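Notes follow once the structure below has been shown.
Protein chains in written order, with the working numbering: chain A, 1 to 186; chain B, 1001 to 1136.
Encoded structure:
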């Protein structure tokens, strides 16, 4: 059971994530992708009269089972067998986050930023509500996310996926380095 | 019932994301500041494993368990790949979550991230609404 409490090194987690590509294909010709489920939820709950949301979402309901599994996997790994130690970040990152005003680096997310109390502050609103909105808007506009483009698309040597993945990283690097510090200082 | 197998794949996938700390806001900041190899290591092992598997599926002409042909996944280019990709990158930096971790963070006990997920669904809905006006 020890290995369930401990964090997994990248050379364990990475290959398991990569193996989901052939597993899904062999089980039923399914293509790894998570952001499509956000569209599925829209189509199921409130398609309004939007053409992009009018399609047979039930035909692709496999991916709703897949993300329900991800949530359960998160529960097993993050709640049931939570790592009691803080994430083993590099010293530079720890220094940087302290400098940016975070004192508590325990858990997987900083409780000083992600909590019901901070949700109603400007900082928390930007991090969770605006951030989440950008994730949903951006991934659908890009037609895929880190799994669909970054793992599956790159594995299949698709050049649009290389451009997409590069854009994800350029966006994230620029934002984390030049914008986020101002938000954390709010 | 035939969808239950995807639930099982999802559990393993979510467990690897969580135990690999790919759902951690801290790890995402560390990655975007190039301060550790950890997250890059995950990508640099996941992609070759996926690529070699796809190569083998093609080479050995493997079929699905129901005997169907497996076609190589294709992705097409349009402007959204870059513009949408950048917007997603901003959101990834803010939330510490790409869509997979959106679900895993909730399961991981950070219940407030339900709001992040709902907001992501809303973002997708707004995209769908204004899609005809955007360059594709």
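The beta carbon of each residue, even a glycine, is placed where N, CA and C say it ideally should be.
Note that the structure is a prediction, hence the values are computed from the model and not measured.
Nearest-angstrom Cβ-Cβ length linking residue i and residue j, presumed shorter than 8 Å
i, j, result
"residue 114 (chain A)", "residue 1110 (chain B)", "6 Å"
"residue 135 (chain A)", "residue 1097 (chain B)", "7 Å"
"residue 1072 (chain B)", "residue 1058 (chain B)", "7 Å"
"residue 139 (chain A)", "residue 150 (chain A)", "Not quite, the Cβ-Cβ distance comes to about 11 Å (not below 8 Å), so this is no contact."
"residue 1018 (chain B)", "residue 1104 (chain B)", "5 Å"
"residue 70 (chain A)", "residue 1100 (chain B)", "6 Å"
"residue 1082 (chain B)", "residue 108 (chain A)", "Not confirmed; about 30 Å, so no contact."
"residue 1113 (chain B)", "residue 131 (chain A)", "Going by Cβ atoms, the distance from residue 1113 (chain B) to residue 131 (chain A) rounds to 10 Å, so no, they are not a contact pair."
"residue 137 (chain A)", "residue 1126 (chain B)", "6 Å"
"residue 29 (chain A)", "residue 1070 (chain B)", "6 Å"
Among the options, nearest to residue i - alpha-carbon criterion
i, options, result
"residue 1077 (chain B)", "A:182, A:159, A:130, A:181", "A:159"
"residue 26 (chain A)", "B:1131, B:1113, B:1062", "B:1062"
"residue 956 (chain B)", "A:19, A:33, A:120, A:52", "Nothing can be reported for residue 956 (chain B), as the shown portion of chain B is limited to 1001 through 1136."
"residue 104 (chain A)", "B:1006, B:1102, B:1002, B:1025", "B:1025"
"residue 1131 (chain B)", "A:31, A:142, A:147", "A:142"
"residue 9 (chain A)", "B:1001, B:1003, B:1027", "B:1027"
"residue 93 (chain A)", "B:1001, B:1030, B:1016, B:1005", "B:1030"
"residue 15 (chain A)", "B:1004, B:1003, B:1002, B:1039", "B:1039"
"residue 1047 (chain B)", "A:17, A:68, A:67, A:179", "A:17"
"residue 175 (chain A)", "B:1135, B:1092, B:1102, B:1129", "B:1092"
"residue 74 (chain A)", "A:181, A:19, A:5", "A:5"
"residue 1074 (chain B)", "A:121, A:124, A:155", "A:155"
Contact list for residue i against chain B, beta-carbon separation under 8 Å
i, result
"residue 182 (chain A)", "By Cβ distance, chain B contributes nothing, its closest Cβ being about 12 Å from residue 182 (chain A), past 8 Å."
"residue 103 (chain A)", "Per Cβ cutoff of 8 Å: no residues; residue 103 (chain A) is ~13 Å from chain B at best."
"residue 120 (chain A)", "None at all; the shortest Cβ gap to chain B is about 11 Å."
Chain-ordered neighbours of residue i on chain B, where CB pairs are closer than 9 Å
i, result
"residue 186 (chain A)", "Those within 9 Å of residue 186 (chain A) in chain B number zero; the least Cβ separation is about 13 Å."
"residue 44 (chain A)", "Per Cβ cutoff of 9 Å: no residues; residue 44 (chain A) is ~10 Å from chain B at best."
"residue 128 (chain A)", "1094, 1095, 1112, 1113, 1115, 1116, 1119"
Contacts of residue i in chain A (Cβ-Cβ under 7 Å)
i, result
"residue 1060 (chain B)", "Here the premise fails: no neighbours, minimum Cβ distance about 11 Å."
"residue 1067 (chain B)", "The premise fails here: residue 1067 (chain B) is roughly 11 Å from chain A at the closest Cβ pair, so nothing lies under 7 Å."
Residue-level contact to chain C via CB, residue i, 7 Å cutoff
i, result
"residue 1042 (chain B)", "The structure shown contains no chain C; the protein chains it does contain are A and B."
Chain-ordered neighbours of residue i on chain B, where CB pairs are closer than 7 Å
i, result
"residue 99 (chain A)", "The premise fails here: residue 99 (chain A) is roughly 12 Å from chain B at the closest Cβ pair, so nothing lies under 7 Å."
"residue 178 (chain A)", "Ordered by position in chain B, no residue passes the 7 Å Cβ test against residue 178 (chain A), which lies about 10 Å from the chain."
"residue 10 (chain A)", "1020, 1038, 1041, 1042, 1045"
query = Is the number of C-beta pairs between the region 66–85 of chain A and the region 1078–1097 of chain B that are closer than 8 Å three or more?
reply = no
request  = Taking only runs that begin and end inside the region 121–182 of chain A, name each unbroken alpha helix (DSSP H) of 4 or more residues, in chain order.
outcome  = 131–141, 159–174
request  = Taking 8 Å as the threshold, find out whether the region 1008–1019 of chain B comes into contact with the region 1049–1057 of chain B through three or more Cβ pairs.
outcome  = The way I'd put it, the region 1008–1019 of chain B doesn't touch the region 1049–1057 of chain B; fewer than three beta-carbon pairs between them come closer than 8 Å.
request  = Could you say if the region 16–23 of chain A and the region 47–62 of chain A meet the contact criterion of at least three C-beta pairs nearer than 8 Å?
outcome  = no
query = At which residue ranges does the region 1091–1129 of chain B contain complete alpha helix (DSSP H) runs of 4 or more residues, listed in the order of the chain?
reply = Scanning the region 1091–1129 of chain B for uninterrupted alpha helix (DSSP H) segments of 4 residues or longer gives 1099–1107, listed from N- to C-terminal end.
query = At which residue ranges does the region 1014–1058 of chain B contain complete alpha helix (DSSP H) runs of 4 or more residues, listed in the order of the chain?
reply = If we require 4 residues or more, the alpha helix (DSSP H) runs fully inside the region 1014–1058 of chain B come out as 1025–1032.
message = List, from N- to C-terminal side, the beta strand (DSSP E) runs of 3 residues or more that fit wholly inside the region 54–94 of chain A.
response = none
inquiry  = Contact between the region 34–42 of chain A and the region 1115–1122 of chain B is defined here as three or more beta-carbon pairs at a separation below 8 Å; is this criterion met?
reply    = The region 34–42 of chain A and the region 1115–1122 of chain B touch, with no fewer than 3 CB-CB distances between them shorter than 8 Å.
query = If we count Cβ pairs, one from each stretch, closer than 8 Å, do we get three or more for the region 97–106 of chain A versus the region 1031–1038 of chain B?
reply = no
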